[in-house]
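Structure, as structure tokens:
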Amino acid sequence: MTETIATTPGLFPLPDWAKTRLGRLKGHQKHDLIDGSESAEVLETYEQARGEVIDAQRDAGLGRIVEGQLRWDDMLAHPLTINPAVETGGIVRYYDNNNFYRHPTVTEVPSPTGDIAADLQRAAQLAPTQDLQAVLPGPITLADLSADACVNDTVEFHHVLAELLAGELEDAPHIETLYLLEPSLVTAPPEEDLCVELEELYATVATATDAEVVVHTYFGALSEQTHVYLVDADVAGMGVDIVADDREQTIYNAGEYGMADVIALGLTDGQNTLVESTPTLVERVAWVFDQLPTADPTRLYLSTNTEPFYLPVSKHRQKLAAVAQAAAELTEVGI
Amino acid sequence: MARDVDNREQFRPAEHPNDHFILTTVVGSYPKPTWLNRIRDHQDDASYGVDAAALSEAYDDAARLITEEHQHCGLDTVVDGEMRREEMVEYFAERIRGYEFNGPVKVWGHNYFDKPSVTEPVQYDEPWLVDEFRFTDAVADRPVKVPITGPYTLASWSFNEAYDDIAALTYDLADLVNEEVAALVDAGARYVQIDEPALATTPDDHAIVGGALERIVDGIPDAVRVGLHVCYGDYSRIYPEINDYPIDEFDVELCNDGYEQIGVFDDGAFAPDLALGVVDVHDTTVESVDQIIENITQGLRVVGPERLTVSPDCGLKLLPREVAREKMQNMVTATRAVEARLDRGEL
């Protein structure tokens, strides 16, 4: 019997009061962004905001709780932009969105900073660790969002980043699930010489934690080649976007080439304020499994398709509640 | 295709000193006086006594001040600096039925935008800019240009809950922009500029923007000059397609990368007039007159002087006000110098 769990891909919108207060405390320019050396007042503000978003997830009824990554000013590039081995350049576009981040150039082999583990430790004080989920960029995405002036070799650079991600998890508390966000697997499909490295790249990160690792993809369907290699990479869980217009391609890939034992569905739109009703979400799940009659995942994670920082807070919270309710209904009736 | 009309000459000032006439203008936004920002910040605080009448008076004063500042710099066509607008999508979304606001969303760092949602079919309720135009027109002794956020940008920078796709929303919004332009024309406007910064980020949608422009100019008299401003991006992805747009003028941001992309347009087939950015709006260094003369001559690679308009790269609002004023002043001085050289046959 499939266990259905409501979760989130992290990277929450800051509560509105924190947007105002942090704007005042930190400033609005490029050099004001997070570098890992915030003042006590800034840290205290983030602490308070983290508590609020954890409470919001519990109130909504999520089965996994994230710390929200509210400090990640540079979105998924954060693990690099706070690293001393990295030079942050100009502000560049974040995928095909009206959002921007500091472009990191990795100038030497980066060592773990402890920054991410520290935030997870703080979250562990606020939520039971059996519910805790960590969220990191996958190595493909982190490489795609940055530049290599370190090893000057594409494959080697990805391994350097995978090692960094593993290192950042070393001092983390127990976490139940690790989401590795890999939108770049969709937007910039890796060449075959990199595809063959996926298994080792994900294994490097996975061995640093006893959490269930889900590689979650979004901004559309994977190419057939990438899908095949991701299935072969032997990760515990695979996440796909079933909101995007090309979701039929995702279903085709899954039907043709299979999925991992654990499936994550990007079920509700993380980039639109329209709050899909619980019945609509349940129907979407049914639509997926109607077309994949042999799929029998051990666990099914449900979430927004993308990171939700694109949304206003009120709409995001409504979406969390709708996903949690959909998971509850599916738990009752089965998928 | 570009509108086959000649509506430039109406903007030549009576006292214009040269035979050649290169139209000078600004893209639109301008730094707000500090006092206006302070009054706005306190509008909800009863202890400051800023009621609706006081705020309205402040907007009028600021619009008058900036319009006159534009005139003092010698611009041939002026704008009020968009003193009444805070953000280029919010301002219009607040006035269009079908939009709602749900709170700020992140753009980058701690910079947010109250990104609106389209929750039902959009409708035109009341004029958006007619009062603003009438006020500025009464203050100005030069023709007034009216910048309007374009329908593709209004659609792209909103959450779309109500339409099947961005094209459908864009076209409905274009019909509303057409209504607004008609109302502005009735009020006496002769120069409008459609701002489509979103096209710079998603250039593959150029056909949607073209379709929207067809709707916008429908029924608009030839005497009304219609410009299109598209901020910095990879222009090679929308050229030569923009030659098919029904516009009189295409305004581009090329100064900020030193005219690296001017070659995109110099194929001898550029159809509309060219409005060329000749001062950088992201750099507080004020370009010298000589430097701006050099920049203006870049435009002459694409069109003759009779089809060249000169403006800053984009809105000036992020610059210190004094820097913005000096850039405009130097831009006009340089333009008149280029005209004089052309008159003398030196260019």
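Just so you know, the protein sequences line up as chains A and B, in that order.
Here the first sequence stands for residues 1 to 335, where the numbers follow the numbering used here.
Here the second sequence stands for residues 336 to 682, where the numbers follow the numbering used here.
We treat Cβ as the ideally placed atom computed from N, Cα and C, and that holds for glycine.
Keep in mind it's a predicted model, so treat the numbers as computed, not measured.
- Taken through DSSP and simplified to helix, strand or coil, B:W443 comes out as strand.
- Listed in chain order, the non-local C-beta contacts of A:H227 below 6 Å within the same chain comprise N253 and Y257, local neighbours out to five positions each way being set aside.
- Taking 8 Å as the upper bound for CB-CB distance, B:I357 and B:P640 are in contact here, some 6 Å apart.
- Annotation for B:M666: the continuous alpha helix (DSSP H) segment containing it runs R656 to D678.
- A:L22 belongs to the set of residues whose beta carbon lies under 7 Å from a beta carbon in chain B.
- Scanning chain B for C-beta atoms nearer than 7 Å to the C-beta of A:T154 yields nothing, as the closest lies near 24 Å away.
- At the C-beta level, B:V552 and B:F605 stay beyond 7 Å of one another.
- In this structure, the CA atom of A:D269 is about 26 Å from the CA atom of A:Y46.
- Relative to the Cα of A:E307, the nearest Cα in the group A:E168, A:S146 and A:N272 belongs to A:N272.
- For the region 435-468 of chain B, the set of residues with a beta-carbon nearer than 7 Å to any beta-carbon of chain A comprises N437, G438, P439, V440, K441, V442, W443, G444, H445, N446, Y447 and S452, in chain order.
- Taking a contact as a CB-CB distance under 8 Å, the pair B:W443 and A:I91 counts as one, their CB atoms being some 6 Å apart.
- Sixteen is the threshold: since fewer than 16 other Cβ atoms of the shown chains lie within 10 Å of the Cβ of B:P655, the residue is exposed.
- In the structure shown, the three-state DSSP call for B:I627 is helix.
- Here DSSP, grouped into helix, strand and coil, assigns A:E3 to strand.
- Scanning A:L302, A:L132 and A:L136 for the CA closest to the CA of A:E329 turns up A:L302.
- The beta carbon of A:F219 does not come within 7 Å of any beta carbon belonging to chain B, so the residue lies off that interface.
- Taking one beta carbon from each stretch, the region 73-89 of chain A and the region 101-118 of chain A have 3 or more pairs nearer than 8 Å; the two touch.
- Taking CB atoms only, A:P279 has no neighbour in chain B less than 7 Å away.
- By the Cβ neighbour-count rule, A:S277 is exposed, with fewer than 16 other Cβ atoms within 10 Å of its own.
- Non-local beta-carbon contacts of B:T471 in its own chain, meaning distances under 8 Å to residues more than five positions away in sequence, involve A398, T402, V413, V414, D415 and V479 in chain order.
- B:N353 carries a coil assignment under DSSP once its states are collapsed to helix, strand and coil.
- Shortest Cα-Cα distance from B:A509 to any of B:T488, B:A475 and B:D586 involves B:T488.
- With 16 or more other Cβ atoms inside 10 Å of its own Cβ, A:E197 counts as buried.
- Fully contained in the region 406-460 of chain B are the following beta strand (DSSP E) runs of length 3 or more, in chain order: 431-436, 440-443, 446-448 and 451-459.
- A:Y257: not part of any beta strand (DSSP E); member of the alpha helix (DSSP H) spanning R247 to Y257, first to last residue.
- Closest in alpha carbon position to B:D579, among B:I597, B:I543, B:A558 and B:V559, is B:I543.
- Residue pairing for A:D148: DSSP places it in a beta bridge opposite A:V106.
- Chain-ordered listing is empty here: chain A has no CB closer than 7 Å to the CB of B:E425, the nearest sitting near 13 Å.
- Around the beta carbon of B:D507, 16 or more other beta carbons lie within 10 angstroms, which makes this residue buried.
- Close partners of A:V42 in chain B (Cβ separation under 9 Å) are lacking, with about 11 Å as the shortest Cβ gap.
- The C-beta of A:T273 comes closer than 7 Å to at least one C-beta of chain B.
- Within the region 310-321 of chain A, those residues whose Cβ lies closer than 9 Å to any Cβ of chain B are, in chain order, Y310, L311, P312, V313, S314 and K315.
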